[in-house]
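Report on the structure given below.
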Amino acid sequence: RRMTRADRLASRDCGADGDAGRREVANLARVDDVGATIQKALQRLGERIDLQMIRVRARKIAGIAREVPPTELFGPSDGDVLLLGWGGTYGSIREAARQLQTEGQRVAHAHLRHLNPFPPDLGALLGRYRRVLIPEINLGQLLRLVRAEFLVDALGFNKVQGRPFKVSEIADRARKLLRNERLEESAA
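For any residue, its number in our numbering is found by taking its place in the sequence shown, counting from 1, and adding 13.
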């Protein structure tokens, strides 16, 4: 390969006997500084691009939120206990709410179909109930999302045995809440 002017300026002859074929970079520290500077500039550019993509994603999710339908509610529009669920807990929660309502309790059931974004009316809905109980067949993912998003002191009722909830389990837990008994979050 033929040596360019830049190669000649950045290198020096290192042969003790005048061997012109052996060359090395004259200022390694300077080359490292330039490389580090370039690397830092690329990193800052990458961070700016990442930030732009996060903002674009947030705008898209906000646009989707406008199209999410309002939360369907089964029961009174305000009350003592809201049973909030999603996924495969629908039937058990709905029947437990129906039983409690026939007993004269002010209990409602809301079932989420959209988790990201949440329905736009969910925060206001949660605020209209004294207590919120979230039965889940997992370790409480929805509970964590609801607490983080809406700062609601919801109570989780988790079941991780690989079996669905019995209606009586949910109804009994709601009755304890209605009696103001202190409940520990548990995995049944």
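For glycine and all other residues, C-beta sits at the position ideal for the given N, C-alpha and C. From a predicted model like this one, the values you see are computed outputs, not experimental measurements.
Checklist line | For K172 and I150, believed in contact at Cβ under 8 angstroms, the rounded distance | finding: Within the sequence shown, residue 150 is the residue found at index 137, counting from 1. Within the sequence shown, residue 172 is the residue found at index 159, counting from 1. Indeed, because the Cβ distance is near 5 angstroms, the residues count as touching under 8 angstroms.
Note to self: By the three-class DSSP mapping on this structure, what secondary structure does V120 have?
What the structure shows: Position 107 of the sequence shown, counted from the start, is the residue given in the question as residue 120. Note: V120 maps to strand in three-state DSSP.
Next item on the list: Give a yes or no on whether 8 angstroms exceeds the smallest Cβ distance from Q65 to chain B.
Entry: In the structure shown, chain B cannot be found, because there is only a single protein chain.
Next item on the list: Note down the Cα distance separating R70 from G117, rounded to an integer number of angstroms.
Entry: If you number the sequence shown from 1, residue 70 lands on position 57. If you number the sequence shown from 1, residue 117 lands on position 104. In this structure, the CA atom of R70 is about 45 angstroms from the CA atom of G117.
Margin query: Could you give the first and the last residue of the continuous beta strand (DSSP E) run that contains F170?
Written below: On the sequence shown, residue 170 is found 157 positions in, with the first residue counted as 1. Per DSSP, F170 belongs to the beta strand (DSSP E) from 168–171.
Check: Just curious, the beta strand (DSSP E) that L97 is in, first and last residue?
Finding: Residue mapping note: residue 97 aligns to position 84 of the sequence shown, counting from 1. Here the beta strand (DSSP E) through L97 covers 92–99.
Notebook entry, point to check: What separation, rounded to the nearest whole angstrom, lies between the Cα atoms of T115 and H122?
Noted result: As a first step, residue 115 is located in the sequence shown; it is residue number 102 there, counting from the start. As a first step, residue 122 is located in the sequence shown; it is residue number 109 there, counting from the start. Their Cα atoms are separated by approximately 14 angstroms.
Notebook entry, point to check: Going by C-alpha distance, which of A78, A184, A137 is nearest S90?
Noted result: Numbered from 1 along the sequence shown, position 77 holds the residue referred to as residue 90. Checked all of A78, A184, A137; the closest Cα to S90 is A137.
Notebook entry, point to check: Start and end of the beta strand (DSSP E) containing I150?
Noted result: Residue mapping note: residue 150 aligns to position 137 of the sequence shown, counting from 1. DSSP places I150 outside any beta strand (DSSP E), giving it a letter other than H or E.
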